[in-house]
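Read the structure below first, then the notes.
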Amino acid sequence: YKEFTADGSWFFKPWNKEVVTDPQTGKTYDFADAPTKLLTTVQDCWVMHPGESWHGFKDIPDNWSMLDPIKVSILAPGMGEDGELEETGVPAALVTAWLGRHGIVPTRTTDFQIMFLFSMGVTRGKWGTLVNTLCSFKRHYDANTPLAQVMPELVEQYPDTYANIGIHDLGDTMFAWLKENNPGARLNEAYSGLPVAEITPREAYNAIVD
C-alpha cells in the first residue's frame with residue numbers, strides 16, 4: 158500500500174491502527190513494521206479508542222472493542238476517513254467477485270471493505286496468493302481490461318450490458334450507484350435504533366405455528 162501510494166497510485170489499505178506504541182519503551186512503530194512480539198503481547202495494538210480516525214466509529218466507549226487479530230480487513234479506495242464517498246472508488250463487491258474467480262472467498266464484504274479469516278493454519282503461501290491476486294486485479298482495473306477477458310461468464314450471461322465495457326468501466330458504474338444511493342448510510346440508520354416490539358416472541362411463534 159505504501160509503495161503504491163508513494164508513487165501516486167492506489168492499492169488496498171489494511172484496516173488497522175496506523176501506528177502502535179511499545180508501552181515499555183515508549184517507541185512508536187508503523188503497524189506494518191511493529192515487532193511481532195509487540196503485536197502478540199500488547200492488547201492495545203488492537204483496541205479501538207475514541208477519536209481515532211482509522212476505525213471510523215463515532216462516540217465509541219474507550220476500551221470497549223478491539224479487532225480480532227485473525228480477521229484481516231482491507232479497504233478499497235472510495236471512502237474517506239470521515240465516512241463520505243470520494244470522487245472515485247473501487248467497489249469492494251467487484252474485488253470480491255474477482256477473488257472468487259480465483260478461488261478466494263472472503264469472510265465478509267461491505268461497500269469498500271473486505272474481510273479475510275487468517276486462521277492458525279494459513280501459510281505464507283496462501284496469503285502470498287491473496288496479495289498476488291489483489292495485484293492482478295489492480296493491473297487489469299488500471300488497464301480497463303475488457304470484461305470478456307477477465308469475467309467472461311458475466312458477459313455470456315448479460316451480453317447486451319457487459320460485452321463492450323472494461324472492468325474499470327464496470328467499477329465506475331457501480332461506484333456511481335453507491336454514491337447516488339449511499340446504502341451504507343441507510344444501513345447505519347437501520348441499526349441506529351431498536352424496533353418496537355408489537356407482540357412478544359411467544360405470540361409471534363404461536364401465530365406462525367397456528
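Residue numbering for the sequence shown is 158 to 367, as defined by my numbering.
Even for Gly, the Cβ is constructed at its ideal location relative to N, Cα and C.
Within the region 177 to 233, the runs of alpha helix (DSSP H) at least 4 residues long that lie entirely inside it are, in chain order, 193 to 198. Inter-segment contact for the region 287 to 307 and the region 252 to 272 is present: three or more beta-carbon pairs are separated by less than 8 Å. Between the beta-carbon of Ser230 and that of Gln181 there is about 28 Å, and that puts the pair past the 8 Å contact cut. Note: Gly323 is bridge-paired with Pro303 in the DSSP secondary-structure output. Burial state of Ile324 is buried, judged by a 10 Å Cβ sphere holding 16 or more other Cβ atoms.
Under a 10 Å Cβ-count criterion, Val288 is classified as exposed, with fewer than 16 other Cβ atoms of the shown protein chains found around its own Cβ. With the rule of 3 Cβ pairs closer than 8 Å, the region 237 to 254 counts as touching the region 326 to 342. Nearest to Phe275 by C-alpha distance, out of Val312, Pro226, Tyr298 and Leu242, is Pro226.
Spatial neighbours of Lys170 in its own chain (CB-CB distance under 7 Å, excluding positions within 5 residues in sequence) are listed in chain order as Tyr158, Ile231 and Leu232. Assignment of beta-bridge partners to Phe273 by DSSP yields Val229. Within the same chain, and ignoring the five residues on either side of Glu337 in sequence, no residue has its Cβ closer than 7 Å to its Cβ. Counting the other Cβ atoms within 10 Å of the Cβ of Asp268 gives 16 or more, which makes it buried.
Under the three-state reduction of DSSP, Pro352 is assigned to coil, being neither helix nor strand. In the three-state reduction of the DSSP assignment, Met236 falls in the strand class, which pools E and B.
In the structure shown, Pro248 adopts coil according to DSSP, grouped into three states.
A distance below 7 Å separates the beta carbons of Asp219 and Pro207.
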